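Chemist: Note that my numbering numbers the sequence shown so that position 301 is 304, with each residue one more than the last.
Dropping a structure here in structure tokens format, bear with me for questions.
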Amino acid sequence: MTRTLNFLEDRFETGEEDTVTVYVRGPLTADTTLESIQRAGSDPPRTFVTGPDGTAQSQSIVTVIEAYAESDPEFRELVARNDRDGDGIPDRNLDRIYDALLTSPVRETALSYVTENARSGRVVYAVEADADDTAVTEDARTVATRLPYATTATGDIVVFQAVADLIFASALSSLAVALAGTALALAFVFRMLFGRATLGLSVLVPIITTVALVAATMRAVGIALNAFTATVLALTIGLGVDYGVHFVHRFADERRNGASVDDALTTTVTGTGGALAGSMVTTVFGIGVLVLATFSAIGQFGVLAALSVLYAFLTSLLVLPSVLVLRARYAGSVPASDTLARSAKAEPADPNA
4 MTRTLNFLED RFETGEEDTV TVYVRGPLTA DTTLESIQRA GSDPPRTFVT
54 GPDGTAQSQS IVTVIEAYAE SDPEFRELVA RNDRDGDGIP DRNLDRIYDA
104 LLTSPVRETA LSYVTENARS GRVVYAVEAD ADDTAVTEDA RTVATRLPYA
154 TTATGDIVVF QAVADLIFAS ALSSLAVALA GTALALAFVF RMLFGRATLG
204 LSVLVPIITT VALVAATMRA VGIALNAFTA TVLALTIGLG VDYGVHFVHR
254 FADERRNGAS VDDALTTTVT GTGGALAGSM VTTVFGIGVL VLATFSAIGQ
304 FGVLAALSVL YAFLTSLLVL PSVLVLRARY AGSVPASDTL ARSAKAEPAD
354 PNA
């Protein structure tokens, strides 16, 4: 992942945040080159800024030619001689046009849009400042495909979106590996301690729920997925395991001592739940102070980390008991009619259920 991020930063130049750049690899001396560049923006996507004529607002070697032709009569005549259809864009002898530009006062401006050997160039398009980055990236790539050359859409927006996509993919794969490893570890530990691997697997349900709640919160409040916030998703697994393991271990101990499912849950929630509540409060406030950081990314990390602790605690107390009851019923040790309480005179339940 780090190697890919470095490649994106080193390979592609970025511009203003309200523009995207399409790099074109030529050669750009074919008769239709300049008209192809112009036509690419003739039907602009919705995220592109349009000019009075309805075409995309852009800066390219074409705009340099048009601007210089207006101020220099000799160059204007050269353009007219090589403009067969009279649209103001030369469509033959482009090498002569480029040579004239590169020996003129606008040489540096021209070189910012086309290389000296005319082997490559770039077109800069203005985009709506409030447009969604994903939509801008898709539209930039769509426009790039309209050019009859090898092209690459780039710019701040496109590069940042590529980084966000990379982080998201990396976060998903990391979560999958972490969950798989956690499942194996929990199944092994609870199999060794209580003879029931499914007790350990029960802990995964509140963990997955907590991860989903954290991701939903990020979406709801508009927190972007980046290197800091993606870390919280992995952190959530560790926090969820901590609360869940304490809860299930106490529940299993109560069951092993002969308590019914409902009695074991009551004791676990009121006993271990109270201890976990104290731990949750101190951890939330301890991590939550990061919201005061001047660096916004660290502040977002603190908010999400604190929320992940809170969610892990709540799912352990609200979701995990239901999972344990369903597990006991599936194992056949608790009748389906037993919902809230069991008589104190009932026979002791299977401690391994």
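Using N, Cα and C, we set each Cβ at its ideal position, and we do this for glycine too.
Here the structure is a predicted model, which is why all the values come from computation and not from measurement.
Buried or exposed for P47, please, with buried defined as at least 16 other CB atoms from any protein chain shown within 10 angstroms of its CB.
Modeler: Classification for P47: buried.
Chemist: Take every Cβ of the segment 19-33, pair it with every Cβ of the segment 139-152, and state whether three or more of those distances are shorter than 8 Å.
Modeler: Taking 8 Å as the limit for Cβ pairs, the verdict is that the segment 139-152 does touch the segment 19-33.
Chemist: If you draw a straight line from the alpha carbon of D135 to that of Y26, how long is it in whole angstroms?
Modeler: Approximately 22 Å, taken between the alpha carbons.
Chemist: Determine the direct distance from the alpha carbon of V146 to that of R125, and round the result to whole angstroms.
Modeler: Each residue's Cα considered, the two are about 13 Å apart.
Chemist: Check the C-beta distance from R330 over to T201 and give it rounded, since I have them as a contact under 8 Å.
Modeler: R330 to T201, Cβ: 6 Å. Contact.
Chemist: Return the chain-ordered ranges of every alpha helix (DSSP H) run that is complete within the segment 239-278 and spans a minimum of 4 residues.
Modeler: The qualifying runs are 264-273.
Chemist: Quick one: what does DSSP say A83 is sitting in, helix, strand or coil?
Modeler: Helix.
Chemist: Assign L187 to one of two classes, buried (16 or more other C-beta atoms within 10 Å of its C-beta) or exposed (fewer than that).
Modeler: Exposed, since its Cβ has fewer than 16 Cβ neighbours within 10 Å.
Chemist: Could you pull out every unbroken beta strand (DSSP E) segment of at least 3 residues lying fully inside the segment 92-162, listed in chain order?
Modeler: Correct list: 123-129, 153-157.
Chemist: Assuming Y71 contacts V217 (C-beta within less than 8 Å), just tell me the rounded distance between them.
Modeler: That belief does not hold up - the Cβ atoms of Y71 and V217 are roughly 55 Å apart, past 8 Å.
Chemist: Using 8 Å as the threshold, is the C-beta distance between A308 and I240 below it?
Modeler: No, the Cβ-Cβ distance between A308 and I240 is not below 8 Å.
Chemist: Determine the closest residue to A60 out of V67, S74, G44, Q164, with distance taken between C-alpha atoms.
Modeler: Per the sequence shown, residue 60 should be read as Gln rather than Ala. Q60 has its Cα closest to that of G44, out of V67, S74, G44, Q164.
Chemist: With DSSP as the reference, please indicate the residues paired to A59 in a beta bridge.
Modeler: A59 is bridged to T53.
Chemist: Let me make sure I understand the geometry here. Which of V224, Y246, G198, R99 has the alpha-carbon closest to that of G281?
Modeler: The option with the nearest alpha carbon to G281 is Y246.
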